[in-house]
Structures are given as structure tokens and as C-alpha cells.
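These protein sequences, in sequence, are chains A and B. Final position of the first sequence in our numbering is 512; the numbers increase by one with none missing. Final position of the second sequence in our numbering is 151; the numbers increase by one with none missing. Cβ atoms here follow ideal geometry from the backbone N, Cα and C, with glycine treated the same way.
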Amino acid sequence: MSGPHNTEPSRRGFLAGTAGGLAAVAATRSLPAFAQDPYHPIDEIAPTFAKARASDPRLAGFANAPGEFDLTHIRIEGKVPKGLSGAFYRNGPALFERDGVRYRHWFDGDGLVQRWSIGPSGIGYRGRFVATHKRSLEEKAGKFVVATSGGGIAIKAPLTGSDSTNPSNTSILPVDGAMWALWEGGSAVELDAETLATKGYIDLGEGSKGAPFSAHPRVGEDGRVWNVGSLGSRVILYRLSNNGKLEQARIQTLGQPGYYHDFLLTSRSLVVIQCSTQSDATRSIENGSFGSMRAVPGKPMKVHVFDRESCDLIRQAELPEGFVFHFGNGWEEEDGTIRFDMAHDGNADLMLEFFKPMRGLFPDWNARAYRVTLPVKGAPLVEPLQKQVEFPKVNPHFETRRNRFVYMSTMATAGRADWFDAVVKIDLENGKDQIFRYGPEWMIEEHLFVPRPGGVKEDDGWLVGTALNWKKQRSALTVFDAAHPERGFLARGWLDTAMPLGLHGQFVVASS
Amino acid sequence: MRISPWMMPIIFCAASPIIAAEGKDCPKKDGLILTLKVEGVRSSMGQIRAELLGKQPGDAKAKTVTYGVKDAQSGSVVIEFPGLTPGDYAVQLYHDENANGKVDMNMVGIPLEGFGFSNTPLVAGGIPEFDKMKVSLSADATTTAVLAYAP
């Protein structure tokens, strides 16, 4: 989900930068007692995980992927609905251990892109690791040799910039017939949309090669693509044509450090929202940046609204203190009022939670859904919705437009805090929800909305997502009627193995 | 495009007399010789451009002493810095593959061309502290830099 960002060309910070802050920023406050928590001795991580996994089958979600598979027809429960035809792509960290050494942080794993082809003939599956520069070095060496955002690795390979360490493990974007595997600290990597073969790093030109390019580009109603690149206290604002050619890349200052992972696009604006974080003095090439990304008590989240065409700053605002990875959708009224939803966690130390899975523990998921109204003048209105949510998605035809529904992963089993086991459809207008409970034996991932061909209504389509059944030790792809997910699934395709939990995906509709 | 401060002298160097004699060794002078072995050169395109820094007792920070330029050769290249007085020296260098006289960087100031430092077998991020890349010269000496290139 994140990784080293190049920030300032300063002597110390030149490459030490990572997600979320100026390399040169070194907090002067004394470190809290738990500051060393992220920095467990690297040699202890793998045995600690192995011991935990021996008695906890859920941890298959954080183990190395069992392989790269090609399966033409997988077993299906139910029936693939007529009209649903295309490919569901998912990227996520999927290799965490080599030669007895295990990464400290979940987001450091090598990116595995999985492609589930869905259509009248059934469901097929293909998985391939993104053949990044760092992966090829480590495949050859048989061990980890490249610096990471979680730190602790004995660095044996040159570090010249973000793409030296780019694991390309966070998301994927269809562009002009190809797929771009995305990280956030460096370049996108082009893959063949069918074979998933890696073609190479994307160079958008204008000096953008190797610059941060986030994992959450957003597509406007005209097909153009916007994205941000995190430089901590600055941001790169990208605008691309609908076939992926760079139209503009402009650096704007944000005036303060603070992590951001996603952003919002409306019909007129691009909104960057910084979390209540700042990197502390533990940040270094050896330690990485994730462990240094700390909450700053009392610091509100900072909202920056830019004109999406000129990239000029329009206005700023503040939101309650905390941490946000993801937004579902943003849209703008005629008078400039911006409305959006977010999965907000009051714990701004959230990046630290994702060290836990590498040691066989589970993160403390406490993000809550909120509906936010950002007026042109005056204080934002922040209204709480469902608790324990993540991975918000909307009908892509409604992105940047007024939307009523957002779909998220949530926890529906009483007392559960380890992982999501349900998918919820939230009505942003009345706060009502419709939930499908996978059940306690499941750990679910992001679910995507696929519009029904010719459909007009916002919820006319399918909800498609992947999940791990830890009891069966098998992963599956499940299809729902997006209007009524609570009624149960329409189709489910099963793998014979458990795959590690992925992050973000895209559904590409088959060309007719 | 943002320019890292350490590259500025090398860019200025493009207009210096040294560049006019590029590809040739500097004329022999009295004094000590620091020989820089540049390894990991990935192609024979362009030049290797190096900046010699020196720091004398009492100096708060290192100063530019001179520059060296050699045509690139795939594999390794040797650049000599003659006529030096005893003291502490360090070299920072880059492979100007497109021979445009400057180090090409991306929009956030990261070199897109190979670069390296004396006494540094493994480039690990930014510019090392002077003391990490220094050679204390009391007699003729040799130091090695291994170029690193962005993927």
C-alpha cells in the first residue's frame, strides 16, 4: 500500500523518503515508549510467524503465495449471471519470506496480480508476480537484498531511487488495453492484460520517471485519469489522457507533513487529505519509513482542494484527527460544496498495525464509515455511519458524480476484530445498510461494483470480490446482485489453495 | 527540473577548460595522485564526470578541488587526479550517458543516470557524508566507486 517515496534531494533524504513525509523531518519530541515496537529483530519475525501459524489457519492470509497458477476452469457454486463477462484483477503483497527472513511489514511483500476471467464459459484464474527490478535481484540472490519501507533487511543492492525498492504490490489500473500494476512510491509497471507478463516500468515523461504515483488513480467522467504522488509535505498532481498519456504533472506544496494514500476527484476538484501523522526520528534507509509514521496528537487531518484542470489550490479545511486510507467517492454541487465518504480511523498510528500480521498477529481494524460535507465556507459536516469498515467502492459510472450507495468490507460477527467477514451496501442518503455475512470462517477482501450492461440505476449490477475461507484453506471469488447482496451470492468460484489476502483491484469488462 | 546541489559544480564543469580536454588525462603536475577506479559502467556511451572534493583541517565543509572527465567504457574507467597536496579527499561522479553535460534527474531530484562515490562499493540512497567517502592522502592512493543506475 505504500513504500519509499523520494522526497528532497538533500544529502540525507535523497532516497530515504517513504510514504508520507519529508525525509528531513525529524521530530524533536522524545520518542514514546512504544516507539521501538515496529523494529523487531528481523531474525525473529519468521520463527514467530511460523509458530503462530501452526495453530492459526487464518494466517494463510499472510503467508507466501503457494505459487503462480494457470487454471482454465475452476469449480463454481451457483451460476455466473448472464451479462457478467470480463476479468477481475487483484494486486497485493504475496511474498514475505526468503531464505528464512520475513519482512516486518505486510505492505512490503512482492506484488502478485491475480486475474479471474469470468464469462459464459465459466471462471478461469491466473496469478503472476510483477517482475520488478527488486524481485529479479532477489530471485537471483535467493534472499532479500533490497531496502523496504518496513525496514530491517540487510541491504545488499544499490538504492538509487524509489524504483530500486518498488514491490508494485498495491493496485492495478487498466490503461489503453494494458494493465498498470501500481505501488505508491514509484513508477507504475506495465503488464500484459491477458498473460500478466511484465513489460517494464512506465515512463510518463516530463521527468516523472521514478516519481511517486499513487495506487488510487481516479478516472473522470470523460475517461481522463487523475492521480497524486506523495512527497509528504508536497504533492504531485497528475492528469493523463484517456489512453494514459501525461497531460500535466505539477508539484504543489501542502505546507505540512502528513501521509495520504488515496484522494478524491469530483467534476471540478481534486481533494488531497493528509492524515494526522508525521515521521519521527527513527526513519532511515535501514529502518524504512512505516515505523516512523506516527500520530501527532491534536493534529487535525488537513484537506486541500485543488482545481482539477489548473491544479491551483482553491481552499483548505480540517477534519477530525485520525487516519484515512480510502475514500469511496467524491462529488461536487453547483455551489462548490463537496460531498464524499471515507473510512476514518481515530488511531493515526494506523500504519503500525500492519506490522502485526508479519508476526502472526492481527491488525486492530477500527475505521468507521463517515459521510462528509465540505462546504465552500464554514466547518465540514462529518456524520458517522457503519463501524469497522474498509475498502469502499462505488459504481464506477457514478465516480465523480452524485452517488447514493457505497460498498465496503465490514465485520459482522459479534466480537470479531481480526478481519472483515461481511460486505455491506450503505445508503448514504438514509444511512441504511444491507449486509451479506460470509461467516466467521472467512476473511474477505475488497469487493468491486460491476455495472450491468445497459443498466441505469446506480445499484444495477454485480458486486464481485475475493475472500479466503480459512477453514477450508481455499480462496474464492464471489458474485452478488449489487442491489441485494444480503440475499446471498449468485456464483462462487473456488481455488484449491489459500492465497494471501490482496489489496485493490479492477474489473475490466470483456469487449463485445 | 530540480537539481541536486551536489550536481551543480559538475554542470558548471561543462563550460570549464577540463571539459574542453575531455577524454584526456590531466597534465602531470607535481604532488600526489589520487586514482579513481570507476566500476559498474554499463555502457560506452557518453562520459564519466567526477568532482573531486577536498577538506583541509579547519574547513567546516568540503570544497571542490577540481573535476575529471573521461569517455565512458563499458565495465570500468580510471580517472586520475594529480598534483594534490596531502589531505582528505572524496569524489562524487555520474555517468553522463547522453553527453549533455548535466546529470538528468526526475521531477523530484532523483538522478536518472548512473552515479557513485569514492570509497563506496554500494550506493545506498543519498550522498554519503564526506567522512564516509573520503580518502586520506599522504601518498599516491587509489579508491573505487561503483556506479548505480536507476532501474
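Using a Cβ cut-off of 9 Å (strictly closer), state whether residue i contacts chain B.
i: A:G161; result: yes
i: A:K199; result: no
i: A:N287; result: no
i: A:H344; result: no
i: A:K140; result: no
i: A:I45; result: no
i: A:L22; result: Confidence at A:L22 is low in this model, with a pLDDT of 23, below 50, so its placement is unreliable and the value that follows should be read with caution. For A:L22, the answer is no, since every Cβ of chain B falls outside 9 Å of its Cβ.
i: A:A157; result: yes
i: A:I153; result: no
i: A:P212; result: yes
i: A:I251; result: yes
i: A:A42; result: It is Ile, not Ala, that sits at residue 42 of chain A in the sequence shown. Closer than 9 Å: no.
i: A:I236; result: yes
Using only CA atoms, which one of the options lies nearest to residue i?
i: A:P158; options: A:K140, A:V175, A:M179, A:K134; result: A:K134
i: B:L112; options: B:A72, B:Y149, B:V41, B:A62; result: B:Y149
i: A:F306; options: A:V235, A:S208, A:R452; result: A:V235
i: A:F325; options: A:A317, A:S292, A:W365, A:D335; result: A:W365
i: A:Y438; options: A:G454, A:E429, A:K471, A:L95; result: A:K471
i: B:L81; options: B:S43, B:K70, B:S74; result: Here residue 81 of chain B turns out to be Phe, not Leu, going by the sequence shown. The option with the nearest alpha carbon to B:F81 is B:K70.
i: A:E321; options: A:E334, A:A367, A:D312; result: A:A367
i: A:N516; options: A:P174, A:D192, A:A491; result: Only positions 1 to 512 of chain A appear in this structure, which leaves residue 516 of chain A out of reach.
i: A:L477; options: A:D43, A:R90, A:Q386, A:D341; result: A:R90
i: A:T466; options: A:E333, A:A54, A:D262, A:G92; result: A:G92
i: A:S117; options: A:S85, A:F420, A:W226; result: A:S85
i: A:R268; options: A:P57, A:A94, A:K82, A:I338; result: A:I338
i: A:H344; options: A:E390, A:L374, A:A379, A:E334; result: A:E390
i: B:V103; options: B:L36, B:L34, B:Q47; result: B:Q47
i: A:W494; options: A:E486, A:L59, A:N469, A:P451; result: A:N469
i: B:L53; options: B:L147, B:N100, B:V146, B:E129; result: B:E129
i: A:I285; options: A:R126, A:T160, A:A131; result: A:T160
i: B:S136; options: B:M107, B:G125, B:P86, B:F117; result: B:P86
Under 9 Å, Cβ to Cβ, is there at least one residue of chain E near residue i?
i: A:A147; result: Looking at the structure shown, chain E is missing, and the protein chains on hand are A and B.
Rounded to whole angstroms, what's the CA-CA distance from residue i to residue j? Just pull it up for me.
i: A:G124; j: A:H73; result: 5 Å
i: A:K209; j: B:T143; result: 32 Å
i: A:L137; j: A:V145; result: 8 Å
i: A:A50; j: B:D131; result: 42 Å
i: A:K377; j: A:Y259; result: 25 Å
i: B:V123; j: A:M301; result: 36 Å
i: A:I45; j: A:W180; result: 32 Å
i: B:G109; j: B:G58; result: 31 Å
i: A:V531; j: B:T66; result: Since the first residue of chain A shown is 1 and the last is 512, residue 531 of chain A is not available in this structure.
i: A:D481; j: A:T165; result: 40 Å
i: A:G455; j: A:F327; result: 24 Å
i: B:V91; j: B:D30; result: 20 Å
i: B:A153; j: A:V508; result: Residue numbering for chain B in the displayed model covers 1 to 151; residue 153 of chain B lies beyond these limits and cannot be assessed.
i: A:G360; j: A:G100; result: 15 Å
i: A:P417; j: B:G114; result: Sequence check: residue 417 of chain A is Ala here, not Pro. Rounded to the nearest angstrom, the two C-alpha atoms are 48 Å apart.
i: A:G152; j: A:G461; result: 45 Å
i: A:A196; j: B:Y89; result: The question names Ala, but residue 196 of chain A in the sequence shown is Leu. Cα to Cα, the separation comes out at about 49 Å.
i: A:A215; j: A:A414; result: 32 Å
i: A:S511; j: A:R224; result: 19 Å
i: B:M133; j: A:K299; result: 40 Å
Give me the chain B residues within the contact set of residue i, using Cβ-Cβ distance strictly less than 7 Å, ordered along the chain.
i: A:K209; result: N106, L112
i: A:A188; result: Within chain B, no residue comes near A:A188; the closest Cβ sits about 13 Å away, beyond 7 Å.
i: A:E247; result: None at all; the shortest Cβ gap to chain B is about 15 Å.
Examine chain A for any beta-carbon lying closer than 9 Å to the beta-carbon of residue i, and answer yes or no.
i: B:L36; result: no
i: B:G101; result: no
i: B:Y89; result: no
i: B:V135; result: no
i: B:F115; result: yes
i: B:D131; result: no
What residues of chain B sit near residue i, judged by a beta carbon separation below 9 Å?
i: A:E184; result: None at all; the shortest Cβ gap to chain B is about 14 Å.
i: A:L231; result: V108
Residues of chain A with CB closer than 7 Å to the CB of residue i, please, in chain order.
i: B:P151; result: H133, D163, S164, Y201
i: B:A148; result: P158, T160
Anything in chain B within Cβ reach of residue i, meaning under 8 Å, just list it in chain order.
i: A:E206; result: M107
Residue i touches chain A at which residues, Cβ-Cβ below 9 Å?
i: B:L122; result: I155, K156, A157, P158, L159
Check whether the Cβ of residue i sits closer than 8 Å to any heavy atom of the ligand ADP, and report yes or no.
i: B:K132; result: The ligand ADP is absent from the structure shown, which contains no ligand whatsoever.
- Message: Quick check for students: name the residue ranges of the beta strand (DSSP E) that lie wholly in the stretch 178 to 209 of chain A, counting only runs of 3 or more.
- Response: Counting only runs of at least 3 residues, the stretch 178 to 209 of chain A fully encloses the following beta strand (DSSP E) elements, listed from N- to C-terminal order: 178 to 182, 189 to 191, 198 to 201.
- 4 or more residues per run - each alpha helix (DSSP H) lying fully within the stretch 319 to 395 of chain A: 350 to 353
- Query: Which whole runs of the alpha helix (DSSP H) in the stretch 63 to 147 of chain B are 4 residues long or more, in chain order?
  - Reply: 130 to 133
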